[in-house]
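> Quick note on UniProt numbering: the sequence shown kicks off at 1 and runs consecutively.
Quick one: structure below, then a few questions.
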Amino acid sequence: MVYVTKELTATVSTPHVESKKSLETSFQAALEHARRLTQMYGIDTPEVAVAWDTVEELITAIAAKDRQRETPTSAFAKYCALYPEAPECRLYDV
């Protein structure tokens with residue numbers, strides 16, 4: 001069973017469309033929201049669990065954005081990944 005509060009849906013939008021800066025802003029808002037809910041209701045309520053799940057999802061989205069930036073792949077690299085035995089993709093020790 002999934003519980004969603006109006007506060008959560010207002011602060012978080014689709015992570016795959018947003019830029020990293022927007023994701024970080026959403027993360028900060030979700031983190032503050034989760035902390036406030038935890039202080040108000042304790043740790044055993046569904047609203048608090050959903051809030052912390054949202055924080056985890058945003059952390060994962062930010063990490064995925066960082067990985068995309070670190071490993072840009074060219075068309076040639078993709079080709080070599082698909083066909084490692086192609087003559088142009090072979091690596092030789094010199």
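We put the beta carbon where it would ideally sit given N, CA and C, even for glycine.
1) Would you tell me roughly how many angstroms separate the C-alpha atoms of Pro-46 and Asp-93, rounded to the nearest one?
2) What is the C-beta distance between Ala-34 and Val-55, in whole angstroms, given that I count them as a contact (C-beta under 8 Å)?
3) Classify Leu-37: buried if its beta carbon has 16 or more other beta carbons within 10 angstroms, exposed otherwise.
4) When you compare the CB of Pro-84 with every CB in chain E, is at least one pair closer than 8 Å?
5) Answer with buried or exposed for Leu-19, where buried requires no fewer than 16 other C-beta atoms within 10 angstroms of its C-beta.
6) Given this structure, state the Cα-to-Cα distance separating Ala-10 from Ala-30, to the nearest angstrom.
The short version:
1) Your numbering for residue 46 matches position 46 in the sequence shown. Your numbering for residue 93 matches position 93 in the sequence shown. Distance between the alpha carbons of Pro-46 and Asp-93: 59 Å.
2) Along the sequence shown, read from residue 1 onward, the residue named residue 34 stands at position 34. Along the sequence shown, read from residue 1 onward, the residue named residue 55 stands at position 55. Confirmed, about 5 Å.
3) As a position in the sequence shown, residue 37 is number 37, starting the count at 1. By the 10 Å Cβ count, Leu-37 comes out buried.
4) In the structure shown, chain E cannot be found, because there is only a single protein chain.
5) One-based indexing of the sequence shown puts residue 19 at position 19. Rather than Leu, the amino acid found at residue 19 in this sequence is Ser. The residue in question, Ser-19, is exposed, as its Cβ has fewer than 16 Cβ neighbours within 10 Å.
6) To locate residue 10, count along the sequence shown from 1; it is residue 10. To locate residue 30, count along the sequence shown from 1; it is residue 30. Its pLDDT being 43, under 50, Ala-10 is placed unreliably by the model, and nothing is read from it.
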